[in-house]
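Residue 386 in my numbering sits at position 391 of the sequence shown, and the numbers go up by one each step. C-beta atoms are modelled at their ideal positions from N, C-alpha and C, and glycine is treated no differently.
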Amino acid sequence: MRKLSGISYKIMYVYILIIGLFHLYTSVFGAYEAYLQKNIHLGLVLPLAFILFPVSKKAPADRVPFYDWILGAMATLPSLYVILNYEDITLRIVQVDPVTQAQFILGAMLFILLMEGTRRVVGLPLTIIACLFTSYMYFGDKLPGVMEGLSFPLSEVIEQIYLTDEGIFSMPLGVSSTLVAAFLIFGGFLEKCGTGAYFMEVAQAFTGTAPGGPANIAVMSSCLFGSISGSAVANVYGTGTFTIPLMKKIGYPAHFAGAVEAVASSGGQIMPPVMGAGAFLMASFLGIPFVQVMIAAVTPAILYYAAVFLMIRLEALKCGLRGLSKDELPKKSDVLKKLYLFAPIIALVYFLLAGYTPMRAAVIGVGVAWLSSLPKKETRMGPKAVADAIYGGCKSITLVCVACASAGTVLGSVALTGIGVKLVGFVLAFSHGIPIIALFLVMIVSLILGMGLPTTGAYILAAALGVPILTTLGFAPLAAHMFVFYYAIISNITPPVALAAYAASSIAGSDPNKTGFTACKLGFLAFVTPFAFCYDPGILLQLDIIGNIYGITACIAACLGFGFALMGYLNRPLAMYERVIFVILAVAALAPNQIATIVGFVGTIAATVIFSKAKRNKAAAA
């Protein structure tokens, strides 16, 4: 992203502020009709892809060349046309009324500019995927075998992606234009009112003295910060610049320190209450209130972080690493005096649970954040600070908007050509209808799609291609969406393209691949849990109380079993047979059978006690 100064910076500051004020207005007074709201949103945001992001690494990074100003202005024209001719466009009949020359030219212009903007902002992978699926609408009849499809005239392709709500202006862009924008502004206010910095203080005060203290700080702060940031890479750079050097200072290897931060930062996107843009998209895809998605994510998210906490503690004990002294950390009493800074988060959760729309809850959260800033002079938000908060929240909207718009072309192709049905048939035939094999295939596809893509884009693509397969096999829609959502997220720590791990390694000065593989080890439970909740909805709190308890019990046992086995340490180094026992018990706990769950849980607790006692007996004998 360019770092502008002078008049260019002032122009962009005002422009982004206008974008933020528009989205605040629609959050308070209601959004426009969906297609119009999306066009206004894209027309405002797409120019930023050319003004804030250079065409190449060699292009100027401190000023905007004239050609990018021109491209930015051109990017507004397709949406401006829709706004000015909205009534005529909404009254036309798709695939009946002809596409006018102006509509064809503007639609083609929008697609080309969107692809270039996607290349600059998101990268080549999503650009290539969007181009391939769009091309399939035109060249589908020329492909061999099972992938042979229908061919549509170029005018109908342009119509599908530009003049309907099933292409660029499909549901993902709708979520970006409403929910995501509101929550980005909410995040900007949290930073300005001091809540963001307070997260780090809480993590330091309450976890810093435990063995491996800085690693605990990294996990807790990344969990808190990531729950509102929605971006693993942004989270890494936001908290990792502080936590990674601290971890290295007390003795953690550089690759392990980077891996801890990468895993913790990635997990923030599955931690309620916000969970990033992907969770809002999931609620929209499923047609359910966002609060239901939030509730379903609670148990897996807590167990994810519990597993990471366990594994870094075992590593610290194994390596004899100490925590930080109390003198190096904020006093708990001082931290507790500022507990009011959690008020915006509490208000958000309360109003979501009370049935308010996420947009309205976010706006209330913004108001509470402003009120929370008033007690302290250094955080008190005047008009300039309020403007800075709106600007700070909205300046990152380009990534989400462009990713959602580009992914929309994939959804448009799936809707028009029926390629999704072909993929379902192909996977079912390859897996012979065996659910576990199909789950593995969808997992691999989701991980591959997530490599090099932001979570939002990866989830949209995985949902479009993978969810129909899983629901056809009888898995619950919510579990199917959570399945692909999880793998879209943990692709951030999965080599060979692990964006969060690579970002952390750049701070740690470690080998990127070694950091990535260590992160996979620490986040192992995240690779296993999606399979478990597909077979056991209780893990997602979708059953009765007894069923939910069994689900939670299974995850606790799996967390302990896999943690001890992977780290090879309890109170002492574990023998290979002991590690194997823990693995067997963890797998048993996650099996879709209540008796197996009980055996796995009880067995894990018993093994932990017995193996720990064996250590004490050996120490006594010595």
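query = Going by the C-beta, is L31 closer than 7 Å to any heavy atom of the ligand ATP?
reply = With respect to the ligand ATP, the structure offers nothing, as it holds no ligand at all.
task = Specify the secondary structure class of P42 as computed by DSSP and reduced to three states.
result = On the sequence shown, position 47 is the one that residue 42 refers to. Helix at P42.
query = Is the beta carbon of P206 sitting closer than 8 Å to the one on G318?
reply = Residue numbering aside, residue 206 sits at position 211 when the sequence shown is read from its first letter. Residue numbering aside, residue 318 sits at position 323 when the sequence shown is read from its first letter. The answer is yes: Cβ separation under 8 Å.
task = Give the DSSP-derived three-state secondary structure of I209 in the structure shown.
result = Your numbering for residue 209 matches position 214 in the sequence shown. Residue 209 is actually Pro in this sequence, not Ile. Helix at P209.
message = Taking 8 Å as the limit between beta carbons, can you name the residues of its chain near A616, skipping five residues before and five after?
response = For the purposes of this step, residue 616 is taken as residue 621 along the sequence shown, with counting starting at 1. At A616, the pLDDT of 45 sits below 50, so the modelled position is not reliable; the number obtained from the coordinates is stated separately. So no residue of the chain qualifies.
message = In the DSSP output, which residue or residues are listed as bridge partners for P568?
response = Position 573 of the sequence shown holds residue 568. Its beta-bridge partners are Y564.
message = Relative to the C-alpha of L185, which candidate in V152, S367, C550 has its C-alpha closest?
response = In the sequence shown, counting from the first residue as 1, residue 185 sits at position 190. Measuring from the Cα of L185, the nearest candidate turns out to be S367.
Whole-number beta carbon distance between V397 and A44, since they are thought to touch under 8 Å = For the purposes of this step, residue 44 is taken as the residue at position 49 of the sequence shown. For the purposes of this step, residue 397 is taken as the residue at position 402 of the sequence shown. Between A44 and V397 the beta-carbon gap is near 6 Å, inside 8 Å, which marks them as a contact.
ask   = What is the C-beta distance between A560 and T592, in whole angstroms, given that I count them as a contact (C-beta under 8 Å)?
value = For this step, residue 560 is matched to residue 565 along the sequence shown. For this step, residue 592 is matched to residue 597 along the sequence shown. Wrong, their Cβ atoms sit about 18 Å apart, outside the cutoff.
Supposed contact pair T450 and A483 - C-beta distance, whole angstroms, cut 8 Å = Here residue 483 refers to the residue found at position 488 of the sequence shown. Here residue 450 refers to the residue found at position 455 of the sequence shown. Contact holds; Cβ gap of about 5 Å.
query = So what does DSSP say about L366, is it helix, strand or coil?
reply = As a working note, residue 366 is residue 371 in the sequence shown. Helix at L366.
Start and end residues, alpha helix (DSSP H) containing F435 = Taking the first residue of the sequence shown as position 1, residue 435 is located at position 440. First-last of the alpha helix (DSSP H) with F435: 430 to 445.
query = Should F61 be labelled buried (16 or more other beta-carbon atoms within 10 Å of its own) or exposed?
reply = Here residue 61 refers to the residue found at position 66 when the sequence shown is read from its first residue. Classification of F61: exposed, given that the 10 Å Cβ count is below 16.
query = When you compare each of D83, T204, M104, V231 to L41 by their alpha carbons, which one comes out closest?
reply = The residue given as residue 41 occupies position 46 in the sequence shown. It is M104.
query = Is the region 140 to 154 touching the region 379 to 398, taking contact as three or more C-beta pairs under 8 Å?
reply = no
task = Helix, strand or coil for K371, going by three-state DSSP, please let me know.
result = Here residue 371 refers to the residue found at position 376 of the sequence shown. K371: coil per DSSP, three-state reduction.
ask   = Would you say the region 305 to 323 touches the region 201 to 216, given that touching needs at least three Cβ pairs under 8 Å?
value = A contact between stretches requires three or more CB pairs, one per stretch, nearer than 8 Å, and the region 305 to 323 meets this requirement with the region 201 to 216.
query = Can you tell me whether L174 is buried or exposed, with buried defined as 16 or more other CB within 10 angstroms of its CB?
reply = Counting from one through the sequence shown, the residue named residue 174 turns up at place 179. L174 should be labelled buried.
request  = Taking S216 and M195 to be in contact with their CB atoms under 8 Å, please state how far apart those CB atoms are, rounded to whole angstroms.
outcome  = Start at 1 with the first residue of the sequence shown, and residue 216 comes out as number 221. Start at 1 with the first residue of the sequence shown, and residue 195 comes out as number 200. With a Cβ gap of about 5 Å, S216 and M195 count as contacting.
ask   = Does the distance from the CB of V77 to the CB of E154 come in under 8 Å?
value = Start at 1 with the first residue of the sequence shown, and residue 77 comes out as number 82. Start at 1 with the first residue of the sequence shown, and residue 154 comes out as number 159. No.
ask   = Would a C-beta distance cut-off of 8 Å place K326 and A200 closer than the cut-off?
value = Stepping through the sequence shown from its first residue, residue 326 is reached at position 331. Stepping through the sequence shown from its first residue, residue 200 is reached at position 205. In this structure, A200 lies closer than 8 Å to K326 by Cβ.
query = Over what stretch of residues does the alpha helix (DSSP H) that includes I265 continue unbroken?
reply = Numbered from 1 along the sequence shown, position 270 holds the residue referred to as residue 265. No alpha helix (DSSP H) holds I265; DSSP gives it neither H nor E.
task = Determine contact between the region 271 to 281 and the region 527 to 545, defined as no fewer than three beta-carbon pairs at a distance below 8 Å.
result = No, because fewer than three Cβ pairs between the region 271 to 281 and the region 527 to 545 fall closer than 8 Å, the two stretches do not touch.
Rounded C-alpha distance that separates V170 from V361 = Working through the sequence shown from its first residue, we reach residue 170 at position 175. Working through the sequence shown from its first residue, we reach residue 361 at position 366. So the two alpha carbons sit approximately 19 Å from each other.
query = Under a Cβ-count criterion, where at least 16 other Cβ atoms within 10 Å of its own Cβ denotes burial, should P353 be classed as buried or exposed?
reply = Taking the first residue of the sequence shown as 1, we reach residue 353 at position 358. So P353 ends up on the buried side.
ask   = Is the number of C-beta pairs between the region 236 to 255 and the region 468 to 475 that are closer than 8 Å three or more?
value = no
query = Within the chosen definition, does the region 406 to 415 reach the region 128 to 136 through at least 3 CB pairs nearer than 8 Å?
reply = Short answer: they touch.
task = To the nearest angstrom, report how far apart P491 and A382 are at their CA atoms.
result = For the purposes of this step, residue 491 is taken as the residue at position 496 of the sequence shown. For the purposes of this step, residue 382 is taken as the residue at position 387 of the sequence shown. In a straight line, the C-alpha of P491 is about 40 Å away from that of A382.
ask   = On the premise that A459 lies in contact with L517, defined as a C-beta separation below 8 Å, what is that separation, rounded to the nearest angstrom?
value = For the purposes of this step, residue 517 is identified with residue 522 of the sequence shown, where counting begins at 1. For the purposes of this step, residue 459 is identified with residue 464 of the sequence shown, where counting begins at 1. No, L517 and A459 are not in contact; Cβ-Cβ is about 30 Å, not under 8 Å.
query = Are the CB atoms of V59 and L394 nearer to each other than 8 Å?
reply = On the sequence shown, position 64 is the one that residue 59 refers to. On the sequence shown, position 399 is the one that residue 394 refers to. Their beta carbons are not under 8 Å apart, which means V59 does not touch L394 by this criterion.
task = Rank I245, P430, K137, R87 by C-alpha distance to the C-alpha of T467 and give the top, closest one.
result = As a first step, residue 467 must be located in the sequence shown, where it is residue number 472. Out of I245, P430, K137, R87, the CA that lies nearest to the CA of T467 is found in P430.
ask   = Sorted by chain position, which residues of the same chain lie with C-beta nearer than 8 Å to P93's C-beta, five sequence neighbours on each side aside?
value = Start at 1 with the first residue of the sequence shown, and residue 93 comes out as number 98. Correct list, in chain order: S150.
message = Could you check whether L444 and A457 sit closer than 8 Å to each other, using their CB atoms as the reference points?
response = In the sequence shown, residue 457 corresponds to position 462, counting from 1. In the sequence shown, residue 444 corresponds to position 449, counting from 1. In this structure, L444 lies closer than 8 Å to A457 by Cβ.
task = Please name the residue, chosen from Y157, G377, M110, G112, that lies closest to T95 on a Cα-to-Cα basis.
result = To locate residue 95, count along the sequence shown from 1; it is residue 100. Among Y157, G377, M110, G112, the Cα nearest to that of T95 is on Y157.
key: Nearest residue (CA-CA) to F280, options I35, M477, I547   = Counting from one through the sequence shown, the residue named residue 280 turns up at place 285. Answer by Cα proximity: M477.
message = At the level of alpha carbons, what is the spacing between K268 and L569?
response = The sequence position of residue 268 within the sequence shown is 273, counting from 1. The sequence position of residue 569 within the sequence shown is 574, counting from 1. Correcting the residue type first, residue 268 is Pro in the shown sequence and not Lys. C-alpha separation (whole angstroms): 38 Å.
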